[in-house]
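Colleague: If you read the sequences in order, they're chains A and B.
Numbering of the first sequence is given in this note's numbering, commencing with residue 1 and proceeding in unit increments.
Numbering of the second sequence is given in this note's numbering, commencing with residue 1001 and proceeding in unit increments.
First the structure, which I've put down as structure tokens, then a few questions once you've had a look.
There are 2 protein chains.
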Amino acid sequence: MIRLYYWPGLQGRGEFIRLLLEDAGLPYVDVARVEGTAPLLAVMARPGLTPLAPPFVDVDGLVLAQVANILHFLAPRAGLVPEDDASRHHALQIQMTVTDLLAEVHDTHHPVSTALYYEDQRAEAKQRSRLFLQRRLPKFLGWFERIASAHGDVMLGAHSYVDLSMFQIIAGLRFAFPRAMAQQDVPCLSRIHDRVAARPRVAAYLASPRRLPFNNNGIFRHYPELDAE
Amino acid sequence: MIRLYYWPGLQGRGEFIRLLLEDAGLPYVDVARVEGTAPLLAVMARPGLTPLAPPFVDVDGLVLAQVANILHFLAPRAGLVPEDDASRHHALQIQMTVTDLLAEVHDTHHPVSTALYYEDQRAEAKQRSRLFLQRRLPKFLGWFERIASAHGDVMLGAHSYVDLSMFQIIAGLRFAFPRAMAQQDVPCLSRIHDRVAARPRVAAYLASPRRLPFNNNGIFRHYPELDAE
């Protein structure tokens, strides 16, 4: 049984792993939501190579951290990445670009430091968000859209974990920046979003209490003052 | 012949790939330094899945971007990662944490936007650097040091590309933040740095004109006002 360790109460980076596990129908325990955070902290306190931060997974005793690494490890076992080496490295390349985008989305509300509250870096957040929405968001989404368009509304030759990540990116960005997202021209990504949401196991997951709602503790936060005009 | 595409004139993210190629003695062309940037821009302008940004490599027609992905692909071919699956995913986990650290180092001098000059975000850079040096740098280095200490001055069971990355991180941080780095307690990482620098092919590379000096166009930049007191 796969054990997923992540902070309870938010989708955050853990959600990309949940979506893979749910879409594949792999049994797993969302540890901190069932057993509290003590087991998570206990794994991190072990000697040697342990995770710097959640999310991480324990698969038959192998503990792995970093979302893109975890997805790259689980996807072949889940049937959620093509079998050839080139496709797997292309999947990893796209997923690492998702990681980069997430770091920039996070920094729209925490441009100075994670050690400070949002309220203590509001002016900087406004400035950083404006430039993020003007320059970076269209760059990232344009790149994803171009790939989806070239492959026929999938990110690789067939449905894969990268499509699940595109679903989550689009859903999260629409929550955080509804006005800015209404201005983006991403028809292929929108169709990937809708197709993923309609996959039977994903649809069942999204309708279940296992799917936490977006909230302002996660990476995607909705502060109207940070959105486009 | 491996073709490495990166902006000329700076070490930047490309340096992690150069170090692997040099330590392994793999023949490669540093394309933009030999042929200018036109071929780099031409690859990026191709249809379909092309890199969002340099560095990227072309290995027998397979074009791959994202440093950690490239290293994960090349390392088995270079003999620079243990053969077992667990070690390869642990290497990737550590390298992805290097990626995270690099993004934070970059943002010490560009906390608001890459679209603005450093001079236009100097006050924010000072604030972000102070908190980075107080909280984040010791957290990252402490985690790397703990792993190195557990394994006997290597990051995995044997010398690997992750050790090369530790060399580059320590060298870069010492260039950017000499005063802050003098206060860090990282004896194992320092020994890894020195051991890597003394490896014959790395030593030859570092003494050659192929190794660019650190400068303020890269990720690691030395602005004395951003360093610790």
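Note that beta-carbon positions come from the ideal geometry of N, C-alpha and C, so glycine has one too.
#1: Taking three-plus beta-carbon pairs below 8 Å as touching, is the segment 1114-1121 of chain B in contact with the segment 94-114 of chain A?
#2: Roughly how many angstroms separate the alpha carbons of Phe1144 (chain B) and Asn215 (chain A), rounded to a whole number?
#3: Under DSSP, the beta strand (DSSP E) around Ile2 (chain A) begins and ends at which residues?
#4: Considering Cα atoms alone, identify which of B:Asn1217, B:Leu1026, B:Ile1147 is closest to Thr50 (chain A).
#5: Nearest to Gln95 (chain A) by alpha carbon, out of A:Arg3, A:His72, A:Pro111?
#6: Does any CB atom of chain A fall closer than 8 Å to the CB of Pro1138 (chain B)?
#7: Check whether the Cβ of Arg1135 (chain B) lies closer than 8 Å to any Cβ atom in chain A.
#8: Are any of the Cβ atoms in chain A nearer than 8 Å to that of Phe1073 (chain B)?
#9: Quick one: is Gly1218 (chain B) buried, meaning 16 or more other Cβ sit within 10 Å of its Cβ, or exposed?
#10: Taking Cβ-Cβ distances shorter than 7 Å, what residues in chain B pair up with Arg77 (chain A)?
#11: Is Ile1230 (chain B) close to chain A? Criterion is C-beta to C-beta, closer than 8 Å.
#12: Chain A beta carbons: is any one of them nearer than 8 Å to that of Leu1062 (chain B)?
#13: Do the CB positions of Ala197 (chain A) and Ala204 (chain A) come within less than 8 Å of each other?
#14: Measuring straight from C-alpha to C-alpha, what distance separates Asp84 (chain A) and Gly157 (chain A)?
#15: Strictly under 8 Å for the Cβ-Cβ distance: is Val1112 (chain B) near chain A by that measure?
#16: Quick check on Val1196 (chain B): does DSSP put it in helix, strand or coil?
#17: Can you pull the DSSP bridge partners for Asp1030 (chain B)?
#18: In the DSSP assignment, what residue or residues form a beta bridge with Leu1064 (chain B)?
#19: Sorted by chain position, which residues of the same chain lie with C-beta nearer than 8 Å to Ala1228 (chain B)'s C-beta, five sequence neighbours on each side aside?
#20: What is the residue span of the alpha helix (DSSP H) that Ser1165 (chain B) lies within?
#21: Could you name the residues of the same chain whose beta carbon sits closer than 7 Å to that of Gly1242 (chain B), not counting the 5 residues immediately before and after it, in chain order?
#22: Under 8 Å: do the segment 10-26 of chain A and the segment 1058-1073 of chain B share three or more Cβ pairs, one atom per stretch?
#23: Could you tell me the distance, in whole angstroms, from the CA atom of Arg264 (chain A) to the CA atom of Arg174 (chain A)?
#24: Determine the burial state of Gly1036 (chain B): buried for a count of at least 16 other Cβ atoms within 10 Å of its Cβ, exposed for fewer.
#25: Which first and last residues belong to the alpha helix (DSSP H) in which Phe1132 (chain B) is found?
#26: In terms of alpha-carbon separation, which member of B:Gly1142, B:Ser1113, B:Pro1047, B:Val1162 lies closest to Thr1099 (chain B)?
#27: Taking 8 Å as the threshold (C-beta atoms), are Ser1160 (chain B) and Ala1075 (chain B) in contact?
#28: How about Tyr5 (chain A) and Val31 (chain A): are their beta carbons less than 8 Å apart?
#29: At least one CB of chain B closer than 8 Å to the CB of Gly48 (chain A): is that the case?
#30: Drop a sphere of 10 angstroms on the beta-carbon of Leu226 (chain A), count the other beta-carbons inside from all chains shown, and report buried for 16 or more, exposed for fewer.
#31: Select from A:Asp153, A:Ile169, A:Lys139 the residue whose C-alpha is nearest the C-alpha of Arg191 (chain A).
#32: With Val1010 (chain B) and Leu1212 (chain B) assumed to form a contact (beta carbons below 8 Å), what rounded beta-carbon distance in angstroms separates them?
#33: Please confirm if Thr37 (chain A) has its CB atom under 8 Å from at least one CB of chain B.
#34: Is the shortest distance between the beta-carbon of His1106 (chain B) and the beta-carbons of chain A less than 8 Å?
#35: Using a Cβ-Cβ cutoff of 7 Å, what residues of the segment 1137-1171 of chain B are near chain A? List them in chain order.
#36: Enumerate in chain order the residues of its own chain whose CB-to-CB distance from Glu1022 (chain B) is below 7 Å, with the five nearest sequence positions on each side excluded.
Modeller: Based on what the coordinates show:
#1: no
#2: 32 Å
#3: 2-5
#4: B:Ile1147
#5: A:His72
#6: no
#7: yes
#8: yes
#9: buried
#10: Simply none; closest approach about 11 Å.
#11: Examination of residue 1230 (chain B) is not possible in this model, given that chain B is present from 1001 through 1229 alone.
#12: yes
#13: no
#14: 11 Å
#15: yes
#16: helix
#17: B:Leu1004
#18: B:Val1057
#19: Leu1133, Phe1177, Arg1179, Ala1180, Gln1183
#20: 1161-1176
#21: This structure cannot speak to residue 1242 (chain B), because chain B is shown only from 1001 to 1229.
#22: no
#23: The structure shown does not extend to residue 264 (chain A), since chain A spans only 1 to 229, so no value can be given for it.
#24: exposed
#25: That residue, Phe1132 (chain B), is in no alpha helix (DSSP H); it is neither H nor E in DSSP.
#26: B:Val1162
#27: yes
#28: yes
#29: yes
#30: buried
#31: A:Asp153
#32: In the sequence as presented, Val is not what sits at residue 1010 (chain B); that position holds Leu. Between Leu1212 (chain B) and Leu1010 (chain B) the Cβ distance is about 7 Å, and since that is below 8 Å, they are a contact.
#33: no
#34: no
#35: Trp1143, Ile1147, Ala1150
#36: Arg1201, Val1202, Tyr1205
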